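Chains as they are written, first to last, in this note's numbering: chain G, 1168 to 1393; chain B, 1168 to 1393. Don't be surprised by glycine CBs; every beta carbon is placed ideally from N, CA and C. Being a predicted model, the structure only gives us computed values, none of them experimental. These notes concern the structure reproduced below.
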DNA sequence: AGATTTTTTCAGCTGTTTCTCAGCTTTCAA
DNA sequence: TTGAAAGCTGAGAAACAGCTGAAAAAATCT
């Protein structure tokens, strides 16, 4: 899957790039509208992530020109908080979805996946690890047939873990996926949230083996080692 | 592949230089911003490693001026621990990645490789020596089908050995690759860690031939002599 | 606004890891 | 055969990673 990012803030562009590459996407980045438009017209991408505010040619204009040139690649528009009008304009110009800054990487990934229509989990949108299940549509979490209530952050963390079952995720990876890209989060915060999750999904189920594992020096893992 | 290092601390600059040269990079070093900028503008590099704190012209400014002059060479920014704001500034000025000091050489090498889009070693690569395997994505280490638990340093050492199977690595090379550049490590420490690894990957597998070999007077080697 | 929940940080505690040291063993050459 | 150099290893001090209760800060609800 090939992705093009057109975004002038290098920090954001590169953090998205790195994140998507870890998810096995091939990513190109352009830091202004002109270069981006050029790449989008001449290369073949599966998704284009497009910032609204751009030097040389702005995002709405890039969008318009692509559609005019019969490029129908799905476009995910990035907008800052105040640019609601531009957002509407963007969608009118032919964007397929939008995301308000600042966003968590996991959210972006979900949109990109939606746009590439690549259902990661074949059975609808239910992630499963042993007897734990998470429905990404209804946000329902269950262990066995017992329902579990989670806060928003707890849920985001659990979803990220469950999308990578059996794989060790470092605290840094977790911070980058679950929190906004401009959040300044201590590693200890991750430890605390892991604690909260354990209190809800492992501690009350004494008979069953714990699902969340600490791998000292490396990170955390949900489910059995693959 | 040509690399330019702009770093005023000679000790660091030279240790990076030596390390990269061993990996077959051609390396130039500049010890202040002015000289560095000059070289970067007039020569052709594949990556620039740029310290933030520099005499004459600081790193952020070097970065900004390069981008302004249409030099798009990937830049890896080096920052000290406390300089988080500067880091953000650096990325906004056009750096592509950053590394917090002090770092292990192996980490720097990984970033440089990522920036030069060299062999994709980041996603799911499995290193193998005889019946020993190491998965760099999941950090899983196995001999035969038996899983082996390693500490972080043990893992880093084993990874370095396994990236150079059949090759003799001196204690100095090992120290430079596995430990932070400012760590002051005795050669004996390497002997101790080799001992730890043997306890875990050779001793418990009595029937099979040992994989870690001492080459008296030279260093250590994993796997058969090539 | 005040109350409640959620998010985040902080400080103290625990067990583990890291690293050095000192004494021991092996190797090798004179 | 013996002495020096190189390497090995058990023991222990210091540093660190991770867990947790509690409290501060921020967001959300009524």
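Would you report the Cα separation of residue i and residue j, rounded to the nearest angstrom?
i	j	result
residue 1318 (chain B)	residue 1312 (chain G)	38 Å
residue 1222 (chain B)	residue 1371 (chain B)	54 Å
residue 1366 (chain G)	residue 1182 (chain G)	32 Å
residue 1385 (chain G)	residue 1192 (chain G)	24 Å
residue 1373 (chain G)	residue 1292 (chain B)	37 Å
residue 1190 (chain B)	residue 1265 (chain G)	44 Å
residue 1184 (chain B)	residue 1236 (chain B)	26 Å
When the cut-off is 7 Å and only beta carbons count, does residue i lie next to chain G?
i	result
residue 1305 (chain B)	yes
residue 1349 (chain B)	no
residue 1274 (chain B)	no
residue 1182 (chain B)	no
residue 1319 (chain B)	yes
residue 1261 (chain B)	yes
Please tell me whether residue i and residue j are closer than 7 Å, where the distance is taken between their beta carbons.
i	j	result
residue 1242 (chain G)	residue 1219 (chain G)	no
residue 1345 (chain G)	residue 1277 (chain G)	no
residue 1234 (chain G)	residue 1200 (chain G)	no
residue 1171 (chain B)	residue 1207 (chain B)	yes
residue 1364 (chain G)	residue 1325 (chain G)	yes
residue 1382 (chain B)	residue 1335 (chain B)	yes
residue 1280 (chain G)	residue 1298 (chain G)	no
residue 1205 (chain B)	residue 1269 (chain B)	no
residue 1282 (chain B)	residue 1214 (chain B)	yes
So the alpha helix (DSSP H) residue i belongs to, where does it begin and stop?
i	result
residue 1204 (chain B)	1200–1209
residue 1348 (chain B)	No alpha helix (DSSP H) contains residue 1348 (chain B), which DSSP labels as neither H nor E.
residue 1193 (chain B)	Looking at the DSSP string, residue 1193 (chain B) is not in any alpha helix (DSSP H); the run it does join, the beta strand (DSSP E), is 1193–1197.
residue 1171 (chain G)	Element bounds for residue 1171 (chain G): not the alpha helix (DSSP H) but the beta strand (DSSP E), 1169–1173.
residue 1307 (chain G)	Run containing residue 1307 (chain G): none in the alpha helix (DSSP H); it sits in the beta strand (DSSP E), 1307–1310.
residue 1319 (chain B)	1319–1329
Between the options, which lies nearest to residue i when the distance is taken from Cα to Cα?
i	options	result
residue 1177 (chain B)	B:1351, B:1187, B:1193, B:1197	B:1197
residue 1356 (chain G)	G:1332, G:1375, G:1320	G:1320
residue 1391 (chain B)	B:1329, B:1189, B:1373	B:1329
residue 1168 (chain G)	G:1378, G:1187, G:1362, G:1340	G:1187
residue 1359 (chain G)	G:1341, G:1376, G:1209, G:1316	G:1341
residue 1387 (chain G)	B:1305, B:1379, B:1347, B:1173	B:1305
residue 1303 (chain G)	G:1185, G:1316, G:1314, G:1322	G:1322
residue 1316 (chain B)	B:1327, B:1294, B:1368	B:1368
residue 1296 (chain G)	G:1333, G:1231, G:1275	G:1333
residue 1239 (chain B)	B:1263, B:1225, B:1247, B:1224	B:1263
residue 1294 (chain G)	G:1179, G:1209, G:1389, G:1173	G:1389
Less than 7 Å between CB atoms is the rule here; does residue i satisfy it with respect to chain B?
i	result
residue 1385 (chain G)	yes
residue 1344 (chain G)	no
residue 1177 (chain G)	yes
residue 1335 (chain G)	yes
residue 1285 (chain G)	For residue 1285 (chain G), the predicted model reports a pLDDT of 49, less than 50, meaning its position is unreliable and no value from the coordinates is stated.
residue 1288 (chain G)	Only weak support is given to the placement of residue 1288 (chain G): the predicted model assigns it a pLDDT of 39, under 50, and the value that follows is read from those uncertain coordinates. Closer than 7 Å: no.
residue 1172 (chain G)	no
residue 1201 (chain G)	no
Could you spell out the range, first to last residue, of the beta strand (DSSP E) harbouring residue i?
i	result
residue 1267 (chain G)	1264–1267
residue 1300 (chain B)	1299–1302
residue 1188 (chain B)	Per DSSP, residue 1188 (chain B) belongs to no beta strand (DSSP E); it is in the alpha helix (DSSP H), 1177–1189.
residue 1244 (chain G)	1242–1246
residue 1234 (chain B)	Taken as a continuous stretch (DSSP letters only), residue 1234 (chain B) belongs to no beta strand (DSSP E), being part of the alpha helix (DSSP H) at 1226–1235.
residue 1394 (chain B)	The structure shown does not extend to residue 1394 (chain B), since chain B spans only 1168 to 1393, so no value can be given for it.
residue 1275 (chain G)	Looking at the DSSP string, residue 1275 (chain G) is not in any beta strand (DSSP E); the run it does join, the alpha helix (DSSP H), is 1272–1282.
residue 1314 (chain B)	1313–1315
Can we count residue i as close to the ligand ZN, meaning its CB is less than 6 Å from some heavy atom?
i	result
residue 1344 (chain G)	With respect to the ligand ZN, the structure shown offers nothing to examine, as it has no ligands at all.
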